[in-house]
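Numbering (my numbering), first residue to last: 94 to 331.
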C-alpha cells in the first residue's frame, strides 16, 4: 500500500480514479502505527479484498492533540480514495443500521434529533439533550453517572459504591465557604468524655435520706478545651 503523500503507481489515471464515497464495513482496527487507521471491505470497489490501511479524516489533528475515535470491527464506514487512488484509502465517517444509533438510555431506542450522543463500544456514554437541557456522563446501565441539569441549576452525582471528592481544599456551599468541617468520630469521643465526667460527678443533694448531713461532692476535674484535631483543615462548609 502507498503511504501518505507517495506518488500514484505508474499508469494511474485521474480520469479513471475512484472518486466519491463508498459504503464499507470495518475489517481490521489493529493499526500497527496506532494512528486510527482501519482496513475495510468495500465490495463495490475491491470485491472481496480488504483495503489497505485507511487514514482517518479526523475533524482536528495536531501534535498530541485532536479527536481520536476508531469504529469497531463490523461497523459501517464511508470510504474515499485520495486522488481517486484505491491504494490510498481514507475513512471519512460512519453510518448506522436499524436500531444501531446510540442513545443515552441503556435500552436501544432511536435518539432524537435534539440529542447529541457519544457512546463507546462498551456503552460508556456522554449525552447532551437540548430539550431537557441536560448533560449526562454514565456507564452502560446508568448506575454510575453525573448529570448536569440547566433548568434546575443542579448537578447530580450518583455511584453504586461511593463518591469521592479529593483535593487539597474542598468547599461546600460556595467558593467562599470558610467554616471548617468537624470530624464526627472525634467529636463523639470528646462528647463521650464530657458525659462520663458529668455522670461520675455525684452530688447527693441537700436532703440525703432525709436526715443525713450532706457531704460536698468532689469538684469536677478541669476539662480540656476542644482539641483542634476535631476540625478539618481542608474541608469547609457554608
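Every residue gets a Cβ at the ideal spot worked out from N, C-alpha and C, and that includes glycine. No experiment lies behind these values; they were computed from the predicted model shown.
So, is residue 126 buried or exposed, given that buried needs 16 or more other C-beta atoms within 10 angstroms?
Its Cβ having fewer than 16 others within 10 Å, residue 126 is exposed.
If we count the other Cβ atoms within 10 Å of its Cβ and call it buried at 16 or more, is residue 184 buried or exposed?
Buried, by the Cβ-count rule.
Does the contact criterion of 3 or more C-beta pairs under 8 Å hold for the stretch 167-174 versus the stretch 185-193?
At 8 Å Cβ cutoff, the stretches touch.
Report buried or exposed for residue 104, applying the criterion of at least 16 other Cβ atoms within 10 angstroms of its Cβ.
Residue confidence for residue 104 is low, a pLDDT of 46 falling below 50, so the modelled location carries little weight; the figure read from the coordinates is stated next. By the neighbour-count rule (16 or more Cβ atoms within 10 Å), residue 104 is not buried but exposed.
Need the endpoints of the beta strand (DSSP E) that residue 283 sits in, please.
Counting along the chain, residue 283 falls outside any beta strand (DSSP E), though it belongs to the alpha helix (DSSP H) covering 277-293.
Mind checking residue 316: buried by the 16 CB within 10 Å criterion, or exposed?
Label assigned to residue 316: exposed.
Rounded to the nearest angstrom, how far is the Cβ of residue 192 from that of residue 203, given a contact under 8 Å?
Their Cβ separation, rounded to whole angstroms, is 7 Å, which keeps residue 192 and residue 203 in contact under 8 Å.
Would the beta-carbon of residue 227 fall within 7 Å of that of residue 242?
Going by C-beta atoms, residue 227 is nearer than 7 Å to residue 242.
Looking only at its own chain, which residues have a Cβ that is under 7 Å from the Cβ of residue 279, when we skip the five neighbours before and after it?
Counting only Cβ-Cβ distances below 7 Å, and skipping sequence neighbours, we find 322 and 323.
State buried or exposed for residue 318, treating a residue as buried only when at least 16 other CB atoms are found within 10 Å of its CB.
Exposed.
Report the rounded CA-to-CA distance for residue 219 versus residue 146, giving the unit in angstroms.
Cα to Cα, residue 219 sits roughly 29 Å from residue 146.
Go to residue 87, then tell me how far its beta strand (DSSP E) extends in each direction, as first and last residue.
There is simply no residue 87 to check, as the chain begins at 94 and stops at 331 in what is shown.
What three-state label does DSSP hand residue 136 in the structure shown?
Correct three-state label for residue 136: helix.
Please state whether the Cβ-Cβ distance between residue 237 and residue 252 is less than 7 Å.
Contact: yes.
State the DSSP-derived secondary structure class of residue 187, mapped to helix, strand or coil.
Strand at residue 187.
State the Cα-Cα distance for the pair residue 163 and residue 214, rounded to the nearest angstrom.
In a straight line, the C-alpha of residue 163 is about 10 Å away from that of residue 214.
Quick check on this structure: which residue in 261, 206, 231 and 330 has the alpha carbon closest to the alpha carbon of residue 224?
Comparing Cα positions, the closest option is 206.
Restricting to Cα atoms, I'd like to know which of 273, 159, 282 and 283 is closest to residue 328.
Closest option to residue 328, Cα to Cα, is 273.
Any heavy atom of the ligand PLP closer than 6 Å to the Cβ of residue 189?
The ligand PLP is not among the ligands present in this structure, which contains no ligands whatsoever.
Do residue 240 and residue 249 have their beta-carbon atoms positioned less than 7 Å apart in this structure?
Against a cut-off of 7 Å, the Cβ pair of residue 240 and residue 249 comes out as a contact.
Please classify residue 134 as buried or exposed, where buried requires at least 16 neighbouring CB atoms within 10 angstroms.
By the neighbour-count rule (16 or more Cβ atoms within 10 Å), residue 134 is buried.
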